[in-house]
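One structure below.
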Amino acid sequence: MNGLIRKLAVLAVLWSVCELLMPEGKQQQMVRAAVSVLVLTALLSAAGIWLRGEQAVLPAVSQLGWQASQDQYRRTALTAFANQAKSWCEAFCRRAGYEAQAEVSLHMDGSLDSVVLMLTPQTPLMDTQQLADRLAQELNTERERVHIAEES
Numbered sequence: 395m396n397g398l399i400r401k402l403a404v405l406a407v408l409w410s411v412c413e414l415l416m417p418e419g420k421q422q423q424m425v426r427a428a429v430s431v432l433v434l435t436a437l438l439s440a441a442g443i444w445l446r447g448e449q450a451v452l453p454a455v456s457q458l459g460w461q462a463s464q465d466q467y468r469r470t471a472l473t474a475f476a477n478q479a480k481s482w483c484e485a486f487c488r489r490a491g492y493e494a495q496a497e498v499s500l501h502m503d504g505s506l507d508s509v510v511l512m513l514t515p516q517t518p519l520m521d522t523q524q525l526a527d528r529l530a531q532e533l534n535t536e537r538e539r540v541h542i543a544e545e546s
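Here it is in structure tokens:
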């Protein structure tokens, strides 16, 4: 919209300069016709942008809005993945004989940051170090990313 207003302002100035410089008669009519065609072209291009639904107004702001919605979608998806991983880790620990509360953190690129497990032994089938090793292997990550806090 700002571009359209700018174009029309430039054309209006051009029109008035041409009006002042041209003598009366056929030449003035030709200049008026030429400038009228330019104004009509500017209006039609603006109407075409509007009909196509493109956002010609503040494209930088609309790009920021798109980026913000992508970041929000990414955070929502990562939260869902982290919750799934949390549930999976807790179920894995239950099968190993521990009651567990898990916290899973992911980086913004989706890679695993850390897994923190609070374990309460029920009928353990393996010790906590074996459990952490096995969990890291299943998650396809380094063992250092799996942290265990054991309750008695």
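Numbered according to our numbering, the sequence shown spans residues 395 to 546. The beta-carbon is built from N, C-alpha and C at its ideal position, and this holds for glycine as well. Every value quoted in this text rests on a predicted model; they were computed, and no experiment measured them.
Residue state for Met512 is assigned as strand, using DSSP reduced to three classes. Less than 8 Å separates the beta-carbon of Glu493 from that of Gln516.
Ala428 counts as exposed, since fewer than 16 other beta carbons sit within 10 angstroms of its beta carbon. If you draw a 10 Å sphere on the C-beta of Leu519, you find fewer than 16 other C-beta atoms in it, and that means exposed.
In the DSSP annotation of this structure, Leu519 is not part of any alpha helix (DSSP H), being labelled neither H nor E. Assignment of Glu545 by DSSP, reduced to helix, strand and coil, places it in the coil class. DSSP, read as helix, strand or coil, puts Asp465 in helix. Where Glu538 is concerned, there is no enclosing beta strand (DSSP E), because DSSP gives it neither an H nor an E. Under the three-state reduction of DSSP output, Asp527 falls in the helix class. Rounded to whole angstroms, the gap between the alpha carbons of Gln531 and Arg539 is 11 Å.
Excluding five sequence positions before and after Ala526, the CB atoms of its chain that fall closer than 6 Å to its own CB belong to Val540 and Ile542, given in chain order.
In this model, Ser439 and Ala496 are separated by some 58 Å (Cα to Cα).
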